[in-house]
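*Asks:* If you use the working numbering, the sequence shown corresponds to residues 12 to 461, in order.
My questions all concern the structure below.
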Amino acid sequence: MKISIFGTGYVGLVTGACMADVGNDVVCVDIDAAKVARLDAGEIPIFEPGLEDLVAANRAKKRLRFTTDAAAAIGHGSVVFIAVGTPPDEDGSADLSHVLAVARTIGRHLDRPTVVVNKSTVPVGTADRVRDAIAAELEARGADVAFDVVSNPEFLKEGDAVKDCMRPDRIVIGSNSARAIEQMKILYAPFNRNHERIVLMDVRSAELTKYAANAMLATKISFMNEMANIAERVGADIELVRHGIGSDPRIGYSFIYPGAGYGGSCFPKDVRALERTARSHGYEARLLGTVEAVNDAQKEKLYELIERHFGGAPNGKTVAVWGLAFKPNTDDMREASSRRLLEQLWAAGATVRAYDPEAREEAGRLYGERADLVLCEDADAALNGADVLVIVTEWKAFWSPDFARIKACLKSPAIFDGRNIYEPAAVEAAGIAYYGIGRGRSIASRGAGA
12 MKISIFGTGY
22 VGLVTGACMA
32 DVGNDVVCVD
42 IDAAKVARLD
52 AGEIPIFEPG
62 LEDLVAANRA
72 KKRLRFTTDA
82 AAAIGHGSVV
92 FIAVGTPPDE
102 DGSADLSHVL
112 AVARTIGRHL
122 DRPTVVVNKS
132 TVPVGTADRV
142 RDAIAAELEA
152 RGADVAFDVV
162 SNPEFLKEGD
172 AVKDCMRPDR
182 IVIGSNSARA
192 IEQMKILYAP
202 FNRNHERIVL
212 MDVRSAELTK
222 YAANAMLATK
232 ISFMNEMANI
242 AERVGADIEL
252 VRHGIGSDPR
262 IGYSFIYPGA
272 GYGGSCFPKD
282 VRALERTARS
292 HGYEARLLGT
302 VEAVNDAQKE
312 KLYELIERHF
322 GGAPNGKTVA
332 VWGLAFKPNT
342 DDMREASSRR
352 LLEQLWAAGA
362 TVRAYDPEAR
372 EEAGRLYGER
382 ADLVLCEDAD
392 AALNGADVLV
402 IVTEWKAFWS
412 PDFARIKACL
422 KSPAIFDGRN
432 IYEPAAVEAA
442 GIAYYGIGRG
452 RSIASRGAGA
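Next up, the structure:
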């Protein structure tokens, strides 16, 4: 099948590479000529495990191409995906300007029956707006071309996006067109052989499904962070509580890990966008607003613990930070908890020595050269000259450190474990003060340190 995909970000590039890998002829379109040139040269602009090899293999087989020529791409594809960004607007709602710009472009060049697929995360009702935008351009041209608009939301996790695309949990298709549904079933047949993964529904339900899924996961995270804050105050250990409630199959263990708050490209903006969508329809989604507020407050937690340790602002202190990306296996720092922490430390007069296996370049791009930030080559280098250590991202490389070495390096030996990856007793046995998220046993038994 001939497929065109507008957008070469996480969703568009992963989708294009995976669609090509099962034998389709895929053209990916982007307005950024420099980015297209990098992709043509074999350079992948994002870190995503397995993606570089997948793109290279399918480029070599000439099943995957990149272009800035929108007209040629529209002429190529019998299925055209819209997979461009929907960043938050000033009021928190999704900015649909890129989606609608692509829709108008499609309308200006469409010359044969086509299925247009909304892959971008968009508010309910966007398919109607895309359909209207395409129809308006066709009418302006005096053209009569049949087309369908389908909602096919993505459910890709950064760090596992290739796996999620190749072996999806579900394939949501929103359409009332029998022709479009049949085309989508053919397209997804290679990903649907083991068992039936396609979930058919109307367009608006499909659009809401994506937001509902992310809002549910974000709610679980914020709920556990609330429980962690309670556990700290009553002297309980949230990790024991997590095991206790996770064993209930109605709750399960997924997404009940307390921490320093969620970030990334999806949860923050999607929760806000869904809450704004509800408000625009006259409904106050109070739970969503609270989920967002709890997460925002949780990003202050690590700095609060650092102040507790020093008995005040860490002015003049050097803080080692392990982990900058919002989660492991990505270099994405969008709304990462590390960013709030770094900015709080700098405002307090502290210096940061930071290490992340993949996000070092991104951090340099975001913050540039500054005297109070040292981006280190490895985790050990970040400890040199530091007073304390903060774990912000739970990269596997951080899980089994040499605590004796950490103690020897730190001037005021303390670990602030923003993801609860260490056992408090093991850290404290090494002579290091331990501060976790909701680890009330350790904090209540020790009190503030210096």
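Just so you know, even glycine gets a beta-carbon here, dropped at the ideal spot from N, CA and C.
By DSSP, does T78 sit in helix, in strand, or in coil?
*Replies:* For the purposes of this step, residue 78 is identified with residue 67 of the sequence shown, where counting begins at 1. Three-state result, T78: strand.
*Asks:* Kindly indicate which three-state DSSP category I42 falls into: helix, strand or coil?
*Replies:* Working through the sequence shown from its first residue, we reach residue 42 at position 31. Three-state DSSP puts I42 in coil, outside helix and strand.
*Asks:* For Y433 and V128, I'd like the C-alpha separation in whole angstroms.
*Replies:* Indexing the sequence shown from 1 puts residue 433 at position 422. Indexing the sequence shown from 1 puts residue 128 at position 117. Straight-line Cα distance between these residues: approximately 44 Å.
*Asks:* Grab the span of the beta strand (DSSP E) containing N129 for me, first residue to last.
*Replies:* Translated into positions along the sequence shown, residue 129 becomes position 118. Where N129 is concerned, the enclosing beta strand (DSSP E) stretches over 125 to 129.
*Asks:* My output table needs one value for R450: the three-state DSSP class, helix, strand or coil.
*Replies:* Here residue 450 corresponds to residue number 439 of the sequence shown, with the count starting at 1. Reduced to three states, the DSSP call for R450 is strand.
*Asks:* For the beta strand (DSSP E) containing Y199, name the first residue and the last one.
*Replies:* If you number the sequence shown from 1, residue 199 lands on position 188. Premise fails: Y199 lies in the alpha helix (DSSP H), 189 to 199, not in any beta strand (DSSP E).
*Asks:* Can you list the alpha helix (DSSP H) stretches of 4 or more residues lying completely in the segment 288 to 328, in chain order?
*Replies:* Listed in chain order, the complete alpha helix (DSSP H) runs (minimum 4 residues) inside the segment 288 to 328 are 297 to 309, 312 to 321.
*Asks:* On the three-pair Cβ rule with 8 Å, is the segment 35 to 48 touching the segment 122 to 142?
*Replies:* Not touching, per the Cβ criterion.
*Asks:* Which one of R297, L107, Q355, V403 has the shortest CA to CA distance from P339?
*Replies:* For the purposes of this step, residue 339 is taken as residue 328 along the sequence shown, with counting starting at 1. Cα-wise, what sits closest to P339 is V403.
*Asks:* Quick check: what's the CA-CA separation for A374 versus P201?
*Replies:* Along the sequence shown, read from residue 1 onward, the residue named residue 374 stands at position 363. Along the sequence shown, read from residue 1 onward, the residue named residue 201 stands at position 190. Rounded to whole angstroms, A374 to P201 spans 38 Å at the Cα level.
*Asks:* Is the Cβ-Cβ distance between E148 and I117 less than 9 Å?
*Replies:* Mapped onto the sequence shown, residue 148 falls at position 137. Mapped onto the sequence shown, residue 117 falls at position 106. Cβ distance < 9 Å, so E148 and I117 count as in contact.
*Asks:* Between which two residues does the beta strand (DSSP E) containing K366 stretch?
*Replies:* Translated into positions along the sequence shown, residue 366 becomes position 355. According to the sequence shown, residue 366 is Tyr rather than Lys. Start and end: 362 to 366.
*Asks:* Might you give, ordered along the chain, the residues of its own chain that have their beta carbon closer than 6 Å to the beta carbon of S276, omitting 5 neighbours on each side?
*Replies:* Locating residue 276 in the sequence shown gives position 265, where the first residue counts as 1. Once the five neighbours on either side are set aside, the close Cβ partners of S276 are R345.
*Asks:* Given a cut-off of 9 Å on the beta-carbon distance, is the pair H320 and V399 in contact?
*Replies:* Counting from one through the sequence shown, the residue named residue 320 turns up at place 309. Counting from one through the sequence shown, the residue named residue 399 turns up at place 388. Contact flag set, yes.
*Asks:* Taking the beta strand (DSSP E) that I184 belongs to, which residues open and close that run?
*Replies:* If you number the sequence shown from 1, residue 184 lands on position 173. Its beta strand (DSSP E) spans residues 182 to 185.
*Asks:* Answer yes or no: do N240 and K312 have a C-beta to C-beta separation smaller than 9 Å?
*Replies:* For the purposes of this step, residue 240 is taken as residue 229 along the sequence shown, with counting starting at 1. For the purposes of this step, residue 312 is taken as residue 301 along the sequence shown, with counting starting at 1. Cβ distance < 9 Å, so N240 and K312 count as in contact.
*Asks:* Does the segment 400 to 420 come close enough to the segment 322 to 334 to have 3 or more Cβ pairs within less than 8 Å?
*Replies:* The segment 400 to 420 is in contact with the segment 322 to 334.
*Asks:* Taking Cβ to Cβ, would you say K418 is nearer than 9 Å to G396?
*Replies:* Residue 418 sits at position 407 when you count from the first residue of the sequence shown. Residue 396 sits at position 385 when you count from the first residue of the sequence shown. No, the pair does not count as a contact, with Cβ atoms beyond the cut-off.
*Asks:* Whether or not the segment 263 to 280 and the segment 73 to 93 are in contact is what I'm after, with contact meaning three or more pairs of Cβ atoms, one per stretch, closer than 8 Å; do they touch?
*Replies:* No: fewer than three Cβ pairs fall under 8 Å.
*Asks:* If I follow the unbroken beta strand (DSSP E) through V401, where does it start and stop?
*Replies:* Here residue 401 refers to the residue found at position 390 when the sequence shown is read from its first residue. V401 -> beta strand (DSSP E) spans 399 to 402.
*Asks:* Which same chain residues, not among the five before or five after H292, have their C-beta less than 6 Å away from its C-beta?
*Replies:* Here residue 292 refers to the residue found at position 281 when the sequence shown is read from its first residue. For H292, where only same-chain residues beyond five positions count, there are no Cβ hits under 6 Å.
*Asks:* According to DSSP, is P134 part of a helix, a strand, or is it coil?
*Replies:* In the sequence shown, counting from the first residue as 1, residue 134 sits at position 123. Three-state DSSP puts P134 in coil, outside helix and strand.
*Asks:* So for A358, helix, strand or coil by DSSP?
*Replies:* Counting from one through the sequence shown, the residue named residue 358 turns up at place 347. Helix, per DSSP.
*Asks:* Answer yes if the segment 280 to 300 comes into contact with the segment 255 to 263, meaning at least three C-beta pairs across the two stretches below 8 Å, and no otherwise.
*Replies:* With a cut-off of 8 Å, the segment 280 to 300 and the segment 255 to 263 do not count as touching, because too few Cβ pairs lie within range.
*Asks:* Could you check the C-alpha separation between I184 and G27 for me, to the nearest Å?
*Replies:* Position 173 of the sequence shown, counting from 1, holds the residue named residue 184. Position 16 of the sequence shown, counting from 1, holds the residue named residue 27. Taking the straight line from one Cα to the other gives about 18 Å.
*Asks:* Evaluate I454 with the Cβ neighbour count: other Cβ atoms within 10 Å of its Cβ, from every protein chain shown; 16 or more gives buried, anything less gives exposed.
*Replies:* Taking the first residue of the sequence shown as 1, we reach residue 454 at position 443. A caution first: I454 carries a pLDDT of 45, below 50, which makes its placement in the model too unreliable to give a value.
*Asks:* With a cut-off of 8 Å on the beta carbons, I'd call Y314 and Q355 a contact; round off their distance for me.
*Replies:* Locating residue 314 in the sequence shown gives position 303, where the first residue counts as 1. Locating residue 355 in the sequence shown gives position 344, where the first residue counts as 1. Indeed, because the Cβ distance is near 4 Å, the residues count as touching under 8 Å.
*Asks:* So what's P435 in DSSP terms, helix, strand or just coil?
*Replies:* For the purposes of this step, residue 435 is taken as residue 424 along the sequence shown, with counting starting at 1. DSSP places P435 in helix when its eight states are reduced to three.
*Asks:* Would you decide whether K72 is buried or exposed? Buried here means 16 or more other CB atoms lie within 10 Å of its CB.
*Replies:* In the sequence shown, residue 72 corresponds to position 61, counting from 1. The residue is exposed, with fewer than 16 neighbouring Cβ atoms inside 10 Å.
*Asks:* With three or more C-beta pairs closer than 8 Å as the rule, is the segment 175 to 194 touching the segment 202 to 222?
*Replies:* Verdict: yes, contact present.
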